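Engineer: Next up is a structure, given as structure tokens.
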Amino acid sequence: MKKSIVKNGYYIHSEGRSSIGVARKIDYQIELLSRHFHVRELEIKVANRKIGERIIGLMPLYSIPRNYDEVLEQMQSPDFVYIRKILADKLYINFLRSLKRKYPECKIVVEIFTYPYDKDEFLKWNTWPFYFKDRFWRMQLKDVIDRFVTYSDNDIIFNVPTIKTMNGVAVENITKVCRKNNKKTDVINLIAVANLQRSHGYERIIKGLYEYYKKGGTRKLFFYVVGEGSELKKLKHLSSKLKLDKYIIFCGRKVGEDLDIIYNQADIALAAFGLYKVGVQSISTLKVSEYLAKGMPIVTGCKERALENFQFSLELPNNNNKADINKIVEFYDWLSELPQGMAGITEEIRNYALQKVDMCHVMEPIEEYIGF
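Using the working numbering, the letters of the sequence shown correspond one by one to residues 666 to 1037.
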């Protein structure tokens, strides 16, 4: 019998290990790809530049100098290259074009984290130069890459076919919740764990709670906000202004056992409610995958691909209206009356996560495209 030849590939990122979370994902993706292929990691680094070179590099027709030539020289007959998205500019396009010219049979796959991303990545004034640069060059990507990996519903991005998958996690590495409340009570504990950005939209929850109590709501809802970020100050101010400080608990950044303690007293996890601000209508977020791995029922303000036809989730409208807290209360009551109880629900959600968002599962469409 003829022995099959294991394909040779490279996993490329641009200084991705500067973030602990991204570094962890890189390691796991490489580990999974290595089950079927020979995979080597290569890092694209930004060159040291003087202040004048930095300013010139902001212009659309100029590029951010990176060690593309060095990376290209390290490659030996690749069958595929997997790249974490890099800002498109002239040198990046030239790098991909050189790679394609040198190895025409090599499949070039680029992971794109959020799409559309213009309103997300280029919102602040100091990112506008990168916006014009990316807009100018990204339409040439169709000539130099084979597939985008996307967590959206898009079949085509910038005239490039996509591989649609989920934002995955290593489920077994995430501690399952052990809820203290297994029966229905008048108290409902909500949790949101996030590096708080405008796209999380938690002001909708705060305003919704204000409206709920203004109209005579009687249930006690406590909202535990875990994390820091650019929106934290605004959310604290809004909570104080609406006199909701007794219901909204800002916990700061928590990890490990400290975070598990808060999770264990929570009934429902809250995903993002402000994705309408960045033009996103459908997404697969890492946080929802983490919530599923924890075994948490979820309320979200946008279509989440991982939650399609998933009974233990509630989707609220993707707009700037106050969140309808009555619907969250009804969702909790429905959950608490199910015969399996909260502990049984946790187990079902955890098993669902293993089948839907575990990294072993979400990498399969990519592995199939590369070809074993």
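Even for Gly, the Cβ is constructed at its ideal location relative to N, Cα and C. Only a predicted model underlies this, so the values are computations on that prediction, with no experimental measurement involved.
Count the other CB atoms, across all protein chains shown, that sit within 10 Å of the CB of CYS843; report buried if there are 16 or more and exposed otherwise.
Structural biologist: The residue is exposed, with fewer than 16 neighbouring Cβ atoms inside 10 Å.
Engineer: Answer yes or no: do ILE870 and ALA988 have a C-beta to C-beta separation smaller than 9 Å?
Structural biologist: Taking 9 Å as the Cβ cut-off, ILE870 and ALA988 qualify as a contacting pair.
Engineer: Going by Cα to Cα distance, which pick from ILE926, ASP811 and LYS755 is closest to ILE748?
Structural biologist: Comparing Cα-Cα distances from ILE748 to each of ILE926, ASP811 and LYS755, the minimum goes to ASP811.
Engineer: Quick check on this structure: which residue in LYS755, LEU697 and THR850 has the alpha carbon closest to the alpha carbon of GLY1006?
Structural biologist: Considering only alpha carbons, the answer is THR850.
Engineer: Need the endpoints of the alpha helix (DSSP H) that THR1011 sits in, please.
Structural biologist: THR1011 -> alpha helix (DSSP H) spans 1006-1021.
Engineer: Quick check: the Cα distance between GLU1013 and GLY960, rounded to an integer number of angstroms?
Structural biologist: So the alpha carbons of these two residues sit roughly 8 Å apart.
Engineer: Terminal residues of the continuous alpha helix (DSSP H) containing LYS672?
Structural biologist: No alpha helix (DSSP H) holds LYS672; DSSP gives it neither H nor E.
Engineer: If you draw a straight line from the alpha carbon of PHE834 to that of TRP999, how long is it in whole angstroms?
Structural biologist: Checking the sequence shown, residue 834 turns out to be Val, not Phe. Near 28 Å, if we compare the C-alpha coordinates of TRP999 and VAL834.
Engineer: Under the assumption that ILE1010 contacts LEU1003 (Cβ atoms under 8 Å), give the Cβ distance between them as a whole number of angstroms.
Structural biologist: Correct: roughly 6 Å between the Cβ atoms.
Engineer: How close, in whole Å, do the beta carbons of GLY894 and LEU861 come, if the pair is a contact with beta carbons under 8 Å?
Structural biologist: About 3 Å; that satisfies the 8 Å criterion.
Engineer: The beta strand (DSSP E) that contains HIS703, what's its start and end?
Structural biologist: It spans 703-708 - the beta strand (DSSP E) in which HIS703 sits, taken as one unbroken run.
Engineer: Work out the CA separation of ILE1035 and PHE996 for me, nearest whole Å.
Structural biologist: Near 42 Å, if we compare the C-alpha coordinates of ILE1035 and PHE996.
Engineer: If you measure between the beta carbons of VAL891 and LEU924, is that distance less than 9 Å?
Structural biologist: A contact, by the Cβ cut-off of 9 Å.
Engineer: Where PRO730 and TYR796 are concerned, what is the direct C-alpha to C-alpha distance, given to the nearest angstrom?
Structural biologist: About 17 Å.
Engineer: Ordered along the chain, which non-local residues of its own chain (more than five positions away) have a Cβ less than 7 Å from that of SER864?
Structural biologist: Excluding residues within five positions, the ones whose Cβ falls inside 7 Å are ASP785, ALA937, GLY939, LEU940, LYS942 and VAL943.
Engineer: Which word fits HIS902, buried or exposed, when buried means at least 16 other C-beta atoms lie within 10 angstroms of its C-beta?
Structural biologist: Exposed: under 16 other Cβ atoms inside 10 Å.
Engineer: With distances taken from CA atoms, which of MET1024, ILE913 and LYS848 is nearest ALA857?
Structural biologist: When each option's Cα is compared against that of ALA857, the closest is ILE913.
Engineer: Alpha carbon to alpha carbon, what distance is there between ILE933 and PHE975?
Structural biologist: Looking at the two C-alpha atoms, the distance is approximately 15 Å.
Engineer: Verify whether the separation of the beta carbon atoms of ARG918 and VAL994 is less than 9 Å.
Structural biologist: No, Cβ-Cβ distance for ARG918 and VAL994 is not below 9 Å.
Engineer: Looking only at C-alpha atoms, which of SER742, GLY882 and LYS755 sits nearest to LYS772?
Structural biologist: Residue SER742 is the option with its Cα nearest to LYS772.
Engineer: For a quick check, are the C-beta atoms of ASN736 and GLU770 less than 9 Å apart?
Structural biologist: The displayed chain sequence assigns Val, not Asn, to residue 736. No, they are not a contact pair.
Engineer: Nearest-angstrom Cα distance between MET666 and ILE695?
Structural biologist: For MET666, the predicted structure reports a pLDDT of 42, less than 50, and the residue's modelled location is therefore unreliable. The matter cannot be settled from this model.
Engineer: According to DSSP, what are the bridge partners of ASN854?
Structural biologist: For ASN854, which the question treats as bridged, DSSP gives the partners PHE887.
Engineer: Less than 9 Å between the beta carbons of VAL774 and PHE745, yes or no?
Structural biologist: The answer is yes: Cβ separation under 9 Å.
Engineer: At which residue ranges does the segment 721-765 contain complete alpha helix (DSSP H) runs of 4 or more residues, listed in the order of the chain?
Structural biologist: Listed in chain order, the complete alpha helix (DSSP H) runs (minimum 4 residues) inside the segment 721-765 are 733-739.
Engineer: TYR780 and VAL1027: beta carbons closer than 9 Å?
Structural biologist: Going by C-beta atoms, TYR780 is not nearer than 9 Å to VAL1027.
Engineer: By Cβ distance, which residues of its chain are closer than 8 Å to ALA1008, with the 5 residues on each side in sequence left out?
Structural biologist: Same-chain partners within the cutoff: ARG844 and ASN847.
Engineer: Note the first and the last residue of the continuous alpha helix (DSSP H) segment covering VAL945.
Structural biologist: It is not in any alpha helix (DSSP H) - VAL945 carries neither H nor E in the DSSP assignment.
Engineer: Is ALA958 closer than 9 Å to TYR889 when the C-beta atoms are compared?
Structural biologist: In this structure, ALA958 does not lie closer than 9 Å to TYR889 by Cβ.
Engineer: Find the nearest neighbour of ASN929 within the set PHE977, PRO982, GLY882 and LEU855, judged by alpha-carbon distance.
Structural biologist: It is LEU855 whose Cα lies nearest to the Cα of ASN929.
Engineer: Check each candidate in LEU874, ASP910, ALA859 and SER954 and name the one with the smallest Cα separation from ASN986.
Structural biologist: Out of LEU874, ASP910, ALA859 and SER954, LEU874 has the C-alpha closest to the C-alpha of ASN986.
Engineer: Given a cut-off of 9 Å on the beta-carbon distance, is the pair LEU806 and PHE823 in contact?
Structural biologist: Contact flag set, yes.
Engineer: When burial is assigned at 16 or more other CB atoms within 10 Å of the CB, is THR827 buried or exposed?
Structural biologist: Classification of THR827: buried, given that the 10 Å Cβ count is 16 or more.
Engineer: Unbroken beta strand (DSSP E) runs of length 3 or more, entirely within the segment 858-933: which are they?
Structural biologist: Correct list: 885-891 and 913-917.
Engineer: How should TYR711 be labelled, buried or exposed, when 16 other C-beta atoms within 10 angstroms of its C-beta is the threshold for buried?
Structural biologist: The residue you asked about is not Tyr; residue 711 is Val in the sequence shown. Exposed is the call here.
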